[in-house]
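Just so we're aligned, residue 188 is where the sequence shown starts under the working numbering, counting upward by one.
Cβ coordinates follow ideal geometry from the N, Cα and C atoms, glycine included.
Structure record follows, encoded as structure tokens.
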Amino acid sequence: MSSKERINYARLCRALIDIGTELLRECLSRHIQPTDIKNKVIGCPSLKLMAPFIVKVNNAHTQGYSKFDISLLYILIRKLCLQISPTRGWIPNLIPTVNEIAEGDDVERIHLIRNEIYGHLPNTCVSDNVYSRYWTELENIMCRYDAKYHTPYSNQLSYIANQCMDDVTEKMYLDKIQQLYKQDTDLRKEFKKVLDEVSDLKRGNISIEAAVTETRSKIAKVEGPISDERIGALRFKIILCKHYLVTLSAILAYAQTCIRCLTENIWRFLQSDYFSILQLKTVVKTFLHLFVCDLIKFFGIGHGFSSKNYLLLFLLYLPFLLLVQFLTKMFSEIPIF
188 MSSKERINYA
198 RLCRALIDIG
208 TELLRECLSR
218 HIQPTDIKNK
228 VIGCPSLKLM
238 APFIVKVNNA
248 HTQGYSKFDI
258 SLLYILIRKL
268 CLQISPTRGW
278 IPNLIPTVNE
288 IAEGDDVERI
298 HLIRNEIYGH
308 LPNTCVSDNV
318 YSRYWTELEN
328 IMCRYDAKYH
338 TPYSNQLSYI
348 ANQCMDDVTE
358 KMYLDKIQQL
368 YKQDTDLRKE
378 FKKVLDEVSD
388 LKRGNISIEA
398 AVTETRSKIA
408 KVEGPISDER
418 IGALRFKIIL
428 CKHYLVTLSA
438 ILAYAQTCIR
448 CLTENIWRFL
458 QSDYFSILQL
468 KTVVKTFLHL
478 FVCDLIKFFG
488 IGHGFSSKNY
498 LLLFLLYLPF
508 LLLVQFLTKM
518 FSEIPIF
């Protein structure tokens, strides 16, 4: 292997990693903002991303597309940017013809050039003829994109072509392309493994419990172990929830006492010799007034309620009391680690 052929390969890697990837980032951001990409991915059932890509998508709202590599960008553009499509559609390994110069065609060309560069990895070298062919293809892509969107990619490509590449820079880009290749290879293997596991689940070859355990371990590998700070925060939240529920339980007990008192008084009143509908309405209205006034004081609600509003608030509060009772029972069974 001559040093010239190795430099040719390193230049192609640099052009692809620095400029090709940046072009795809800009292409994606023109159609989908980083703050919207997560919802777009969730809303596309046919888009299946592996864990490392999901982490990058989840962080896009704060980090933008800066962490997206060429593989992830190509997948997202192909699946989510329907307005960008090659002339003959997204057909695997279909090389666009010379006359096919749509934006989607150039996205596909960058993807295919990446695959060709991967193919030369065992030797990390390309001849002058092969280098010239790939470089001309990249120059045409950048020129079309610059003419359409007034970007500086052609100048950047010329700078790489004319800049002297030392051994350190050469090794850096060779290492980067090898890392990208290894990542893509590992993801393909992982995706195939997931498909095989799904098939095994459907056939009943493995148990659901075993699948759940393995999935949890995979998540831990991606997100890392749960820190002591996170455990402490979870404990605090549970304690806070219990505190609120104790307070709400006191309201529930008070409401139940009031309702029982009202029921007993109404029953006694109905059994007396002085019963009248007008007096019954007065008793109920007085009770509702006192009960709702206590609620207003507790929740800080403004005054000025009519009798109909008192009754409405009371009726709306009953389901809330039942919910509090249910939550109290549920949280009382949760230990504080």
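Reducing DSSP to helix, strand and coil, say where residue i ends up.
{"i": "Val240", "result": "Sequence check: residue 240 is Phe here, not Val. Phe240: helix per DSSP, three-state reduction."}
{"i": "Pro522", "result": "Unreliable positioning characterises Pro522 in this predicted model, as indicated by a pLDDT of 44, which lies under 50. A coordinate reading is not provided."}
{"i": "Gly542", "result": "Examination of residue 542 is not possible in this model, given that the chain is present from 188 through 524 alone."}
{"i": "Gly251", "result": "coil"}
{"i": "Leu269", "result": "coil"}
{"i": "Met352", "result": "coil"}
{"i": "Gly291", "result": "helix"}
{"i": "Asn246", "result": "coil"}
{"i": "Val228", "result": "helix"}
{"i": "Val409", "result": "Bear in mind that the predicted position of Val409 carries a pLDDT of just 46, short of 50, making it too unreliable to give a figure here."}
{"i": "Leu259", "result": "helix"}
{"i": "Glu192", "result": "helix"}
{"i": "Asp362", "result": "helix"}
{"i": "Asn286", "result": "coil"}
{"i": "Leu281", "result": "coil"}
{"i": "Asp223", "result": "coil"}
{"i": "Ile488", "result": "Residue placement at Ile488 cannot be trusted, given a pLDDT of 46 that sits under 50; the coordinates are not used to answer."}
Along the chain, where does the alpha helix (DSSP H) containing residue i start, and where does it finish?
{"i": "Asn349", "result": "Tyr340 to Asn349"}
{"i": "Lys235", "result": "First-last for Lys235: undefined, no H or E at that position."}
{"i": "Met329", "result": "Asp315 to Tyr336"}
{"i": "Glu214", "result": "It should be pointed out that residue 214 corresponds to Cys in this sequence rather than to Glu. Segment Thr208 to His218, the alpha helix (DSSP H) holding Cys214."}
{"i": "Ala202", "result": "Element bounds for Ala202: n/a, residue is neither H nor E."}
{"i": "His307", "result": "Element bounds for His307: n/a, residue is neither H nor E."}
Contact check, residue i vs residue j under 8 Å by CB: the rounded distance?
{"i": "Ile271", "j": "Ile264", "result": "6 Å"}
{"i": "Asn195", "j": "Val313", "result": "5 Å"}
{"i": "Cys200", "j": "Ile304", "result": "6 Å"}
{"i": "Ile224", "j": "Lys363", "result": "With a Cβ gap of about 24 Å, Ile224 and Lys363 do not count as contacting."}
{"i": "Ile297", "j": "Ala202", "result": "Wrong, their Cβ atoms sit about 10 Å apart, outside the cutoff."}
Out of the options, which one is the CA nearest neighbour of residue i?
{"i": "Thr526", "options": "Leu267, Pro283 and Lys254", "result": "As shown, the chain starts at 188 and ends at 524. That puts residue 526 outside it, with no answer to give."}
{"i": "Ile219", "options": "Phe240, Leu234 and Cys268", "result": "Cys268"}
{"i": "Lys358", "options": "Ser190, Lys191, Glu192 and Ala197", "result": "Ala197"}
{"i": "Ile157", "options": "Lys266, Arg201, Leu211 and Tyr261", "result": "Outside the shown range of the chain, which is 188 to 524, sits residue 157, and nothing can be said about it."}
{"i": "Phe294", "options": "Asp315, Ile328, His307 and Trp322", "result": "According to the sequence displayed, residue 294 carries Val and not Phe. With distances taken between Cα atoms, Val294 lies closest to Ile328."}
{"i": "Ser341", "options": "Glu324, Gln365, Val244 and Asp353", "result": "Glu324"}
{"i": "Gly251", "options": "Ala289, Arg212 and Arg331", "result": "Arg212"}
{"i": "Ile300", "options": "Ile288, Asn316 and Asn280", "result": "Asn280"}
{"i": "Gly276", "options": "Gly291, Arg193, Asn286 and Ile262", "result": "Gly291"}
{"i": "Glu377", "options": "Asp353, Pro221, Lys235 and Tyr321", "result": "Lys235"}
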